Each structure stands twice: as C-alpha cells, then as structure tokens.
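In our numbering, the protein residues as written are 86 to 179.
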C-alpha cells in the first residue's frame, strides 16, 4: 500500500480472484496458496519441523494435525497443479 501498511486478507483475496479470472485459472485464496505451499513441501520430503517453522506454527504438533491427512493421501498436489494451472494461451499479456 502507499501508506506502507499491509493489505488485508480480503483485499489480497479480491486481487487473487481478479488475477485468476483474467488468466482463466481456478479460483484460489491466500489460505489456499498457503495450504498448497505446505503440501508441496510435504511431497518434497521437507522435514515437518522445517515446514512448521516456515508456516509460523508454534508447534510441530499443530502442523502435523493440519497436514497428517495430506501425508496419507494418494493424490499428488504437484500433479494437480500441473493439470489445473496450465496457462491458456490467449495472445494477451497478463
């Protein structure tokens, strides 16, 4: 922002919605991006203690509780992102 203060989550989500819409991408929120980031790190075998620190969790237990189901699922978030976020060529520059 011009005044140096951070944007609100609502403002960031609104900007993401417009960006996704303009570029024919699936809708995503700030929280969704955070979850994808953590899930990708898990799939890349980054230690849970490091992921916990990167997310700012006060405890590794918190991270484990939120993401233990991700570690057990067969679905691969990287494959999903490669399929869902393939840019559609429109000839326009975003």
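Note that CB positions come from ideal geometry on N, CA and C, so glycine has one too.
Keep in mind the model is a prediction, meaning the values are calculated, not measured.
Nearest-angstrom Cα separation, counted from residue j out to residue i
{"i": "residue 103", "j": "residue 94", "result": "14 Å"}
{"i": "residue 118", "j": "residue 89", "result": "23 Å"}
{"i": "residue 120", "j": "residue 113", "result": "11 Å"}
{"i": "residue 140", "j": "residue 150", "result": "13 Å"}
{"i": "residue 96", "j": "residue 127", "result": "29 Å"}
{"i": "residue 129", "j": "residue 116", "result": "20 Å"}
{"i": "residue 142", "j": "residue 153", "result": "15 Å"}
{"i": "residue 109", "j": "residue 122", "result": "21 Å"}
{"i": "residue 105", "j": "residue 111", "result": "6 Å"}
{"i": "residue 98", "j": "residue 124", "result": "20 Å"}
Helix, strand or coil at residue i [DSSP, three-state]
{"i": "residue 92", "result": "coil"}
{"i": "residue 99", "result": "helix"}
{"i": "residue 109", "result": "coil"}
{"i": "residue 144", "result": "coil"}
{"i": "residue 179", "result": "Confidence in residue 179 is poor, its pLDDT being 47 and thus under 50, which makes the residue's placement unreliable; the coordinate value appears in the next sentence. Here residue 179 sits in coil by DSSP."}
{"i": "residue 130", "result": "coil"}
{"i": "residue 124", "result": "helix"}
Environment of residue i [buried if 16+ CB atoms lie within 10 Å]
{"i": "residue 100", "result": "exposed"}
{"i": "residue 147", "result": "exposed"}
{"i": "residue 137", "result": "buried"}
Distance between beta carbons of residue j and residue i, contact taken as under 8 Å
{"i": "residue 145", "j": "residue 131", "result": "Not confirmed; about 13 Å, so no contact."}
7 Å Cβ cutoff, residue i in contact with chain D
{"i": "residue 90", "result": "Note that chain D does not occur in the displayed structure, where there is just one protein chain."}
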